[in-house]
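> Attaching a single structure in structure tokens format; questions to follow.
Residue numbers (the working numbering), protein chains in the order written: chain A, 524 to 778; chain B, 237 to 646.
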């Protein structure tokens, strides 16, 4: 399995897309952190990159990679190797390359210019979101047979998590504004990894506002030790569940 | 001028044609009560080292009570320790501990009633319900005292420095913590409150009502349960104060309720949930303040009118401004807003397009606080941008027409 992941990794590195992605992240975050005179504003822009660009790139890159190496996967399946192992090593290869791109591209500038609570929260969220969306992308690409559909499905998922979900939440919160919604908002935030990551960063970035009326609830819940465990646990679930579903599908699939 | 006057009073009080009476374990007189009984107007009573548990002591003569080597007056959790009335009394350098608590009377470590020319200086008060309680008094000075309360509940705790119906007072350089309200004023006028530190009180760091013509200078109010609340007063001046880390669902840097004709200048608001909350206030000049990293920098209810905000610096606040209606009768000009995205073609340092400090999302949060969970999400940013392009729901007239391009030097 290690050997197979290594080949996947070499294959990805040879295509140079990951290299370009790393350089893009590095230049963007470095210039943001250098140009803004207060680092909190730069962190705000980086937050947008982490919450929007990172999931999108992870989804699209993984899906394209899966379809491009479809023949390789077929070849491997003919070898005496379990399909679970094949998919897991593909996942390991892709996620290691994306993670290293993220940690080099954003991690180094953040550690250089803004090594504080917010910075570490940002790195944690970014890493977790990369893994979550790689795993979701595997599920999407295993589910769809041809490339166009797979990418379409992945994009739709991104749209859902990044945009539509929040719109729906807004709608729900307004429709049921007469009811106590504290518990519901906690639940809703757990159902979207992007929201969960955002709230995790916000706890460090906007502590003052979050101490207001309902925000105090988040602060008490997510800010405590058990809240951090909760966030990590839910993120792990978001990584494991789609991957598990993808493996199940892949095992039964007629290649 | 006021402080000069009081200093004059002190010097007369302590060094006139005076006898000195020494009280202490090694002296002839062991009891403070007896020492005070023997003294006449203008005398000085020197209180030596030791712990004195003598119940409630009343001073109604113009004497100067000085602690030597830190004597301790202990109220045994039962008594009000000192009660002062009359004029020209000085209390200096004494430790007051364990004053009594009663739900019927406002027991205090030092109570001053119907007095004038009192000086309370360099004392340390701990474990009192009310520490210094002043009623119906004038021309007095409370300076450099250290007051620490017990942090009990709001009901069973009293105020650090409590003034009721006073005028021409000077409250200076005290440090107060762990009480209900740090400094409380009601019906107080022509007084100055300066250089005090009020921290970690259960309710307000500073609380005043019906107190016109007072000045609050260079005080620090930090980490109080509900920040600072000032109500029903006019001609208030607040300059150079620090309002910091007042966090909580109803905590404010300053809550201004029915305050009129006042000045709020050169203050620093740092990391408060709401830096300034205004309700029913008019004609307040808010200028040259720094608002940094607050949840909401300013919340102006639409019941406020004719206030002007100018030459303030706003940095890193989660929300710059929130309001609850579409009407806006206040003026904003020449402030620096870090969220301003306009340009300055003629390079005069003033932005060419107005800045709208109220975002769509801050209106949404005001209506439905649960939506705070969506803060900084992409959807919310889209809504904000759409609203900025075509304002429909945010108050159109609420804008800074001449925003500064660079932070002001304050």
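No residue lacks a Cβ here, since even glycine has one placed at the ideal position from N, Cα and C.
The structure displayed is predicted, hence computed values, not measured ones.
On the three-state DSSP scale, how would you describe residue 288 (chain B)?
Residue mapping note: residue 288 (chain B) aligns to position 52 of the second chain, counting from 1. Residue 288 (chain B) falls in the strand class under three-state DSSP.
> Using a Cβ distance threshold of 8 angstroms, determine whether the stretch 254-270 of chain B contacts the stretch 278-288 of chain B, with at least three qualifying pairs required.
Flag = yes, the stretch 254-270 of chain B and the stretch 278-288 of chain B touch.
> Roughly how many angstroms separate the alpha carbons of residue 301 (chain B) and residue 326 (chain B), rounded to a whole number?
Within the second chain, residue 301 (chain B) is the residue found at index 65, counting from 1. Within the second chain, residue 326 (chain B) is the residue found at index 90, counting from 1. If I take the Cα positions, the gap works out to 6 angstroms.
> Please report the distance separating the alpha-carbon of residue 606 (chain B) from that of residue 655 (chain A).
Here residue 606 (chain B) is taken as the residue at index 370 of the second chain, counted from 1. Here residue 655 (chain A) is taken as the residue at index 132 of the first chain, counted from 1. Each residue's alpha carbon lies about 26 angstroms from the other.
> Name, going along the chain, the residues of the stretch 575-588 of chain A whose beta-carbon falls closer than 8 angstroms to a beta-carbon of chain B.
Hits within the stretch, in order: 575.
> Please identify, using Cβ separations under 9 angstroms, the residues of the stretch 601-617 of chain B that lie next to chain A, in order along the chain.
Those would be 601, 603, 604, 605, 606, 607, 608, 609, 610, 611, 612, 613, 614, 615, 616 and 617, in chain order.
> Which class does residue 589 (chain B) belong to by DSSP, given the choice of helix, strand or coil?
Position 353 of the second chain, counted from the start, is the residue given in the question as residue 589 (chain B). Residue 589 (chain B) falls in the coil class under three-state DSSP.
> From what residue to what residue does the beta strand (DSSP E) around residue 469 (chain B) run?
Residue numbering aside, residue 469 (chain B) sits at position 233 when the second chain is read from its first letter. That run of the beta strand (DSSP E) goes 463-470.
> Pull up the DSSP beta-bridge partners for residue 400 (chain B), would you.
Stepping through the second chain from its first residue, residue 400 (chain B) is reached at position 164. Note: residue 400 (chain B) sits in a beta bridge opposite B:371 and B:422.
> Would residue 689 (chain A) pass as an interface residue toward chain B - the criterion being a Cβ-Cβ separation below 7 angstroms?
As a position in the first chain, residue 689 (chain A) is number 166, starting the count at 1. Yes, because at least one Cβ of chain B sits closer than 7 angstroms to the Cβ of residue 689 (chain A).
> Do residue 644 (chain A) and residue 723 (chain A) have their C-beta atoms closer together than 7 angstroms?
As a working mapping, residue 644 (chain A) is identified with position 121 in the first chain. As a working mapping, residue 723 (chain A) is identified with position 200 in the first chain. Against a cut-off of 7 angstroms, the Cβ pair of residue 723 (chain A) and residue 644 (chain A) comes out as a contact.
> List, in chain order, every chain B residue whose beta-carbon is nearer than 7 angstroms to that of residue 686 (chain A).
For the purposes of this step, residue 686 (chain A) is taken as residue 163 along the first chain, with counting starting at 1. Here the neighbours are 614 and 615.
> Suppose the cutoff is 8 angstroms on Cβ atoms and the five residues either side in sequence are ignored; what does the same chain contact list for residue 297 (chain B) look like?
As a first step, residue 297 (chain B) is located in the second chain; it is residue number 61 there, counting from the start. Contacts found: 272, 275, 276, 277, 279, 322 and 325.
> Taking 7 angstroms as the CB-CB cut-off, is residue 708 (chain A) touching chain B?
Position 185 of the first chain, counted from the first residue, corresponds to residue 708 (chain A). Answer yes: the Cβ-Cβ gap between residue 708 (chain A) and chain B drops below 7 angstroms somewhere.
> Would you report the Cα separation of residue 545 (chain A) and residue 536 (chain A), rounded to the nearest angstrom?
The residue labelled residue 545 (chain A) in the question sits at position 22 within the first chain. The residue labelled residue 536 (chain A) in the question sits at position 13 within the first chain. Between residue 545 (chain A) and residue 536 (chain A), the C-alpha separation is close to 11 angstroms.
> Report the residue from B:623, B:353, B:354 and B:370 whose alpha carbon sits nearest the alpha carbon of residue 345 (chain B).
For the purposes of this step, residue 345 (chain B) is identified with residue 109 of the second chain, where counting begins at 1. The candidate whose alpha carbon is nearest that of residue 345 (chain B) is B:370.
> Going along chain A in order, which residues have a C-beta closer than 8 angstroms to the C-beta of residue 574 (chain B)?
Looking up residue 574 (chain B) in the second chain gives position 338. Residues of chain A passing the Cβ test: 561 and 564.
> Give a yes or no on whether the minimum CB-CB distance between residue 568 (chain A) and chain B is below 7 angstroms.
Sequence index remark: in the first chain, residue 568 (chain A) carries index 45 (1-based). Judged by the 7 angstroms Cβ criterion, residue 568 (chain A) is not in contact with chain B.
> Could you check how far apart the C-beta atoms of residue 373 (chain B) and residue 354 (chain B) are, in whole angstroms? I think they sit under 8 angstroms.
Sequence index remark: in the second chain, residue 373 (chain B) carries index 137 (1-based). Sequence index remark: in the second chain, residue 354 (chain B) carries index 118 (1-based). With 8 angstroms as the limit, residue 373 (chain B) and residue 354 (chain B) qualify as a contact, their Cβ atoms being about 7 angstroms apart.
> Alpha carbon to alpha carbon, what distance is there between residue 579 (chain A) and residue 662 (chain A)?
Taking the first residue of the first chain as 1, we reach residue 662 (chain A) at position 139. Taking the first residue of the first chain as 1, we reach residue 579 (chain A) at position 56. The alpha-carbon atoms of residue 662 (chain A) and residue 579 (chain A) are separated by roughly 15 angstroms.
> Considering just the uninterrupted stretch of the beta strand (DSSP E) at residue 549 (chain B), what are its terminal residues?
To locate residue 549 (chain B), count along the second chain from 1; it is residue 313. Start and end: 549-551.
> Quick check: the Cα distance between residue 478 (chain B) and residue 441 (chain B), rounded to an integer number of angstroms?
If you number the second chain from 1, residue 478 (chain B) lands on position 242. If you number the second chain from 1, residue 441 (chain B) lands on position 205. Going from the Cα of residue 478 (chain B) to the Cα of residue 441 (chain B) covers about 11 angstroms.
> Starting from residue 265 (chain B), follow its DSSP beta bridges and name the residues at the other end.
If you number the second chain from 1, residue 265 (chain B) lands on position 29. DSSP lists B:259 as partners of residue 265 (chain B).
> Residue 532 (chain B) and residue 739 (chain A) look like a contact to me (Cβ under 8 angstroms); what is the Cβ gap, rounded to whole Å?
For the purposes of this step, residue 532 (chain B) is taken as residue 296 along the second chain, with counting starting at 1. For the purposes of this step, residue 739 (chain A) is taken as residue 216 along the first chain, with counting starting at 1. Wrong, their Cβ atoms sit about 14 angstroms apart, outside the cutoff.
> Report the neighbours of residue 554 (chain B) on chain A: residues whose CB is nearer than 7 angstroms to its CB, in chain order.
Walking along the second chain from the start, residue 554 (chain B) turns up at place 318. Per Cβ cutoff of 7 angstroms: 729, 731 and 732.
> Could you give the first and the last residue of the continuous beta strand (DSSP E) run that contains residue 488 (chain B)?
Translated into the one-based positions of the second chain, residue 488 (chain B) becomes position 252. From DSSP, the beta strand (DSSP E) with residue 488 (chain B) extends over 488-501.
> Using only the alpha-carbon positions, how far apart do residue 394 (chain B) and residue 337 (chain B) sit?
As a first step, residue 394 (chain B) must be located in the second chain, where it is residue number 158. As a first step, residue 337 (chain B) must be located in the second chain, where it is residue number 101. Answer to the nearest angstrom: the Cα atoms are 9 angstroms apart.
> Could you name the residues of the same chain whose beta carbon sits closer than 8 angstroms to that of residue 263 (chain B), not counting the 5 residues immediately before and after it, in chain order?
Looking up residue 263 (chain B) in the second chain gives position 27. These residues qualify, in order along the chain: 284.
> Determine the chain D residues that contact residue 645 (chain B) at a beta-carbon separation under 7 angstroms, and present them in chain order.
The structure shown contains no chain D; its protein chains are A and B.
> Answer yes or no: do residue 556 (chain A) and residue 683 (chain A) have a C-beta to C-beta separation smaller than 7 angstroms?
The count along the first chain starts at 1 and reaches residue 556 (chain A) at position 33. The count along the first chain starts at 1 and reaches residue 683 (chain A) at position 160. Result no, Cβ atoms of residue 556 (chain A) and residue 683 (chain A) do not sit closer than 7 angstroms.
> Would DSSP call residue 443 (chain B) helix, strand or coil?
As a first step, residue 443 (chain B) must be located in the second chain, where it is residue number 207. Strand at residue 443 (chain B).
> Quick check on residue 413 (chain B): does DSSP put it in helix, strand or coil?
Translated into positions along the second chain, residue 413 (chain B) becomes position 177. DSSP places residue 413 (chain B) in strand when its eight states are reduced to three.
> Could you give the first and the last residue of the continuous beta strand (DSSP E) run that contains residue 535 (chain B)?
Numbered from its first residue, the second chain carries residue 535 (chain B) at position 299. Its beta strand (DSSP E) spans residues 532-536.
> Given that residue 529 (chain B) touches chain A, what residues does it touch there, using C-beta distances under 8 angstroms?
Mapped onto the second chain, residue 529 (chain B) falls at position 293. Residues of chain A passing the Cβ test: 563 and 731.
> Tell me the DSSP secondary structure of residue 243 (chain B) in three-state form.
Here residue 243 (chain B) refers to the residue found at position 7 when the second chain is read from its first residue. In this predicted model, residue 243 (chain B) has a pLDDT of only 49, less than 50, meaning its place in the structure is not dependable enough to derive any value.
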